[in-house]
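Undergrad:
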Amino acid sequence: MVAIDRAPAKPRRRYRNLWRQTPQSFRIGLIILLLHLILAVTGPFWAPYGFSQMGTGIPLSGMTWKHPFGVDQLGRDVFSRVVHGAHIVILLSLSGTALGLVVGAILGLLSGYIGGWFDNALQRLLEALISIPFLVLALIAIASAGPQLSGNPILVVAVVALVYAPRIARMARAAAIDIATRDYVTMARLRGESAWSVMRRELLPNATSVLLVEFALRAGYAPVLIGSLGFLGFGLRPPTPEWGLMISENRALIIITPITVLGPGLALASLVVGLNLFTEGLARILGRTVRLGNQ
Amino acid sequence: MTPDTVLEVRSLSVAYRQGAGWSRAVDDVSFALKKGEVFGLVGESGCGKSTVSLQLLGYRHPSLRAEGGAVLFKDQNLLKLARPELDKLRGEKIAFVPQNPTTALNPGIRIGRQVAETMVAHGRAKDLGGADAVVGKYLKLVGLPVDPAFLRRYPHQLSGGQQQRVCIAMALCCDPDLLVLDEPTTGLDVTTQEQIVSLLIALRARIGLAMLYVTHDLALLSQIADRIGVMYAGKMVEVAETEVIFNAPKHPYTRGLIGSIPRIDFDSAERERPLRGLLRRQELPPGCPFSPRCDFALERCFTEPQKAEPTGPESSVACWRWREIVPLPPEPIVIPPLPEAKGELPLLTVDKLDIHYGSAGKVFRAVNDVSFAIRQGEVFALVGESGSGKSTIARAISGLVPPAAGTVTLEGKALAPRVNRRSAAQRRLIQYIFQNPDASLNPRARVGETIARPLHYFFRLDRSKAAERVAAALADVQLDGSYAARFPDQLSGGERQRVAIARALAAEPALLLCDEILSALDVSVQANILKLLQALKAEHAIAMLFISHDLAVVRMLADHVCVLYGGEVMEIGPVDRIFAAPFHPYTHTLLQAVPVPLQPPPASDGLNAGEPQRGGQGCVFAGRCPWQIGDICETTRPPWRAGEGGLRLRCHHTIEALNELADWPPLTETSRATRTRHENRVD
Amino acid sequence: MSILKLVATRILLSLLTLLLVSLIIFFVLEILPGDVASRILGRDATPETLNTLREKLGLYDPAVLRYWHWLSHFVTGNFGQSLVSSRAVTEILAPRVFNTVLLSLYAFLLYLPLTVLPAVIQAIRRDRPADHALSVVTLVLLSMPDFLLATILLFLFVVVFRWFPAISLVDPTSTALDYLWAMTLPALTLAIVMAVYAVRMLRDNLIEVLDSDYIRMAELKGLSARRVLFRHALPNALVPTLNVTALNLAYLVGGVVVVEKVFSYPGFGSLLVDSLQLRDLPVIEATVMIAALVYVGANLLADIASVLLNPRLRTA
């Protein structure tokens, strides 16, 4: 009889090492995200001025120590507005993406595992929704919601979810189909396990990394989508300090005080850079590849 | 460097990028190649042999770093040479034959162009368009058709064997001094492998070029190599002439490696003890890398690095105890007699099974009219090349693929074609084990959970009961209870396959469907699992349907064998009748193709690698058969013929004629060496 | 023959998708949010004017009938009349579409070198400073909303360097040079936005191909680095990029909405925004359908092209 083999030593997981082993992009992204989160949570308490407070300084007076992002046409302090806007942008992005993820993941996983006519019909519908450029889809959805709802944050959340759900569903479906062909799922089928049990024990644990990366990726682009809507005048209403809206409002001033545009622009771009770096790093940790970008 | 040295490797060390750091793949390896010599490099996966072979061509890659030493070709160090200088040498003086021709040929360029391109790059042809004639010359040399239409084919339009011939033509087209072959026949069927090796031997006799032949297959190497270097964990542990390696191996690893080879010729009376344990790269000692698995290791071996010590003019060994160690006696293989068949029904019968793929328009007959029976506790082997339908039969038995016609009966009751129509007891009694252990374990479940699942599902055991049974199942496959807490990615391939076996055993099955379960594993791991299966057969009396393309393994394990070709049964019978005359022509072809240590391959008889004649009027093997009688083989289905001891085969030749034609095994006196179990059982 | 069959199936599926898109658009815009007539008239609505408008629009017909009318007209090229200006939608659309097509072509020409050059540099200098630097640049550009990028370009080239006019006004009397001048900044914005995405993809594809067995084989048979890259690696790496390019074409249709607005370029995208603000339903429907058509068409072409470029599929 052969001697019984002992198990390999358990990899030691020390948190300090764990942090050092993460990709650099993940670490930088996480730091940027944390800064934004701190800004969003504490900002309203220490911002020098109110978000709609007028007469804080000479309008269009440019960059000063008192007004690092300048003063807009109505005499509002742009820096304070950016600080007040942080939690709005982050909250709307995350809740819209989360809603899209829940709807999309359920539809996609079900569709991929059940197959048949249900899958076919859903596929065609999702394909049709994806065929409408996402900004156009968002715009017509908002336009058709009517004037009563326009500018309502809940509408913005719903539109983000509407745009993302079909794309996330497509991803989840592909993941479900891929996992369903693995031998361990075949083993479960040979054992006679129910579809629900296969879903819970085999599919979902193995799809979480795909879904997690997908969530981070989509959440990274949500601020841009919300900003675009605000920029075009279809998103939140003034005087809400939403960053895209602010860029749109101050755009005409770019010749006189460029900082009133670049300030909110910097805030928006740094948030998205942080989210994208985080996503890329997360994907690398989870052993996935990810295509950053809005498509 | 002596004048007849073609190339010399001096203390070569190579590292791969791993995360942020670098890990050594090759450590202080030295050897030299003489003119016209074939040097074999052998070792298990991850030992660094392929990395060494690539450095012979000065290969560079961003995640690969030569950390020391030199590769000297005509006084030039290839590791230091500038890229344009290197380009002049590679392909011209030193040529490369890759492991996997399917991925090594550019899928978007016609094969004629890919060969011509090499010749143009080295000034052997003026331009791509006008090179057809010279390219044709080399295609002819490697036994490929030379018509222009063939040159215009894309790689995917060729079979694996033809693709490898194209790669060899490409390597030869500039008349190099040295050919580097990196596992050139791995992944090809055994008959194709035999053709390629015969081609290389013939080429060597004609052209006389030097070769570095890298492979994991020692038996194959013994047919072609003059000297062999054995690598373990990045180090060269032994270099010696081929006969010496086989007859008087010095390093304990070489001994174990030779002991691990399944021998088809049964010349195993003086068998070395096979390797034990596993290579754990993360836990290598500072001394000899083999010491954790070595039966002769002393305290000193773990701490002091070994240096290669010359044992002859052209041989060396990296073990300071080589003079004193004597081989351990081989472990007796205990093979119990089969349980008495008490006149009851066979465990499983397969009757007139047909399995078709594809839709009404294009039907592919994967399996055609296959019948056999498996008795309680016996190992029944299905043998054949890729595409012979052996795995498809297992899938039909398990209920994954519904057959087009025929029935499968378990313990006297017909099984439903689909698994979801079978009873829980029926599903429990048949357990499947897959080829690739990486894909058959849920990566997100601990080993314990994976094994406990069938226990919960079939026996409704509670947690503590299940935990006990998990530990017992792990012990059955010779794994420690602590494995239950590990995830599959922390285990090696061999350990994972054992976990998969433990999961199947947990269901207390009557029949295991073992679908090529050894083919993804290294030879030493194979030997261990083979031993494990023999023990399981003895202790649990579980029947196995053992699917394999490896005839040597089948001969060691199986009680009954069924040889398949093109989805049809060619020959079926007890194992000792299959491996003795009379042979079915196809069985004979397969047996002849299996390399036997220190035996030259049979003279190539120009066997053409045809496709099976599926769904035709005649024999499926017609057109490829070396003993074809004539038109009758193409037009009439061959009759079943019965031999002695329950052997049945399907051929137009009579049993007597087949007895006459048989020319196997190669070693006539010794290979009749008895293995007691077979004598016990036949009568 | 199987190729023809494959193409035919793809075309049929594309038509089905378009049909579904038309259904979605029609029902979302006309049925979901209550009364179209009162939305068009807004605060000026009186019961009489509402009634006449409803009659005129056929709002008393069943929805399915109205969809059928709309679709059958649409297929024959009759997009209806604008509710705002009473001109034929085709007449309003034609010059806008022309402008946008020109802009897209220009952007596309800029897009190709902007994609291939950085990707090739990154792939051959992989994990070196040049690769890292370009990675950072593409990541930042990728994270930059297109309206912000457009605004910054505008600021740099118009305000700081004063090379370009701030507003891209063109009309039928403009000369070709006027067009070119007016279009450069919007086209550059679009090209950058499209390219950063494709660069990252092409870099990864190229590295994957450069790591493949056949590239190693090509190097080991003594081909020069240049030949290996351009003859063996690039053609195989570009094929998967085709699908991204199709997606980019589709992005163009949405991207022009924002970019044309920033540069006040009179194209198709700014028409969509304007008509959405004016609730001019026939124009909205026509533009969205055209956008979907471009997306579906581009994907179809990319699919067919990748079949034709793959010898395995072509010779099957």
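Chains as they are written, first to last, in the numbering used here: chain A, 67 to 361; chain B, 6 to 688; chain C, 285 to 600. For glycine and all other residues, C-beta sits at the position ideal for the given N, C-alpha and C.
1. Apart from the five residues just before and just after ALA479/C, which ones in its own chain have a Cβ nearer than 6 angstroms to its Cβ?
2. Please report how far the alpha carbon of ASP481/B lies from the alpha carbon of LEU291/A, in whole angstroms.
3. Once you ignore the five residues that flank THR323/A on each side, which residues in its own chain have a CB closer than 7 angstroms to its CB?
4. Excluding sequence positions up to five away, which residues of its chain have a Cβ less than 8 angstroms from the Cβ of LEU299/C?
5. What does ASP497/C touch in chain D if you count any residue whose Cβ is under 7 angstroms from its own?
6. Just checking my contact of PRO106/B with GLN200/B at CB under 8 angstroms: how many whole Å lie between their CB atoms?
7. Sorted by chain position, which residues of the same chain lie with C-beta nearer than 7 angstroms to GLY611/B's C-beta, five sequence neighbours on each side aside?
8. Within 10 Å of its beta-carbon, does GLN87/A have 16 or more other beta-carbons around it, so buried, or fewer, so exposed?
9. Decide if GLY128/B is buried, meaning its Cβ has at least 16 other Cβ atoms within 10 Å, or exposed.
10. Quickly, what does DSSP pair THR10/B with across the bridge? List them, please.
11. So, with DSSP's three-state summary, where would you put GLN81/B?
12. Please determine if the region 618–638 of chain B and the region 289–296 of chain C are in contact, where contact requires at least 3 C-beta pairs separated by less than 8 angstroms.
13. Going by DSSP, what residue range makes up the beta strand (DSSP E) through MET265/A?
14. For a test of the three-state rule: what should DSSP assign to ASP481/B, helix, strand or coil?
15. Expressed to the nearest angstrom, what Euclidean distance is found between the alpha-carbon atoms of SER336/A and ASP132/B?
16. So within the region 365–415 of chain C, which uninterrupted alpha helix (DSSP H) runs reach at least 4 residues, ignoring any that extend past its ends?
17. Report yes if the C-beta distance between ARG285/B and SER529/B is below 9 angstroms; otherwise report no.
18. Going residue by residue through the region 411–483 of chain B, where are the continuous alpha helix (DSSP H) segments of at least 4 residues, counting only ones entirely within it?
19. Name the DSSP bridge partner or partners of LEU516/B?
20. Hey, out of ARG487/C, LEU562/C, VAL404/C, whose CA is closest to PHE514/C's CA?
21. Give, in chain order, every unbroken run of the alpha helix (DSSP H) that is at least 4 residues long and sits entirely within the region 206–292 of chain A.
22. Can you confirm whether ILE321/A, when its beta carbon is compared against all beta carbons of chain C, has any partner nearer than 9 angstroms?
23. Which first and last residues belong to the alpha helix (DSSP H) in which GLU319/B is found?
24. Determine, using beta-carbon pairs with one atom in the region 233–244 of chain A and one in the region 160–176 of chain A, whether at least three such pairs fall under 8 angstroms.
25. Under 9 angstroms between the Cβ atoms of ILE308/C and ALA194/A?
26. What residue range is occupied by the uninterrupted alpha helix (DSSP H) comprising GLU520/C?
27. Comparing C-alpha positions only, which one of PHE358/C, SER356/C, LEU494/C, ALA378/C sits nearest to GLY553/C?
28. Give me, in chain order, the residues of the same chain whose beta-carbon lies closer than 6 angstroms to that of VAL523/C; leave out the 5 immediate sequence neighbours on both sides.
29. What does the alpha-carbon distance come out to for the pair VAL687/B and LEU596/B?
30. Anything in chain C within Cβ reach of GLU97/B, meaning under 7 angstroms, just list it in chain order.
31. Just checking my contact of PRO605/B with LEU225/B at CB under 8 angstroms: how many whole Å lie between their CB atoms?
32. Between which residues of its own chain and ALA333/A is the CB-CB distance below 6 angstroms, once the five residues before and five after are set aside?
33. On the DSSP bridge list, what partners appear for TYR498/C?
34. Specify the secondary structure class of GLN23/B as computed by DSSP and reduced to three states.
35. What span of residues does the alpha helix (DSSP H) with ASP581/B cover, start to end?
36. For a cutoff of 9 angstroms on Cβ pairs, would you count ARG563/C as touching chain A?
TA: Taking the structure as given:
1. TYR395, LEU398, THR399
2. 58 angstroms
3. LEU126, GLY128, GLY136
4. none
5. Checking the listed chains, one finds no chain D in this structure; the protein chains it contains are A, B and C.
6. About 14 angstroms; that fails the 8 angstroms criterion.
7. Here GLY611/B scores only 43 on pLDDT, less than 50, and its place in the model should not be relied on; the value that follows carries that caveat. Excluding positions up to five away in sequence, the list is empty.
8. exposed
9. exposed
10. LYS39/B
11. strand
12. no
13. Unbroken run through MET265/A: none, as it is neither H nor E.
14. helix
15. 54 angstroms
16. 373–408
17. no
18. 429–434, 442–445, 452–464, 468–481
19. ILE435/B, ALA548/B
20. VAL404/C
21. 219–246, 249–257, 261–264
22. yes
23. Note, GLU319/B: premise wrong, no alpha helix (DSSP H); not H, not E.
24. yes
25. yes
26. First, the amino acid is wrong: residue 520/C is Asn here, not Glu. That run of the alpha helix (DSSP H) goes 518–546.
27. ALA378/C
28. SER590, LEU593
29. At VAL687/B, the pLDDT of 35 sits below 50, so the modelled position is not reliable and the matter cannot be decided from this model.
30. GLY506
31. In fact, because the Cβ distance is near 12 angstroms, the residues do not count as touching under 8 angstroms.
32. VAL148, TRP309
33. DSSP output for TYR498/C lists no bridge partner at all.
34. strand
35. 580–583
36. yes
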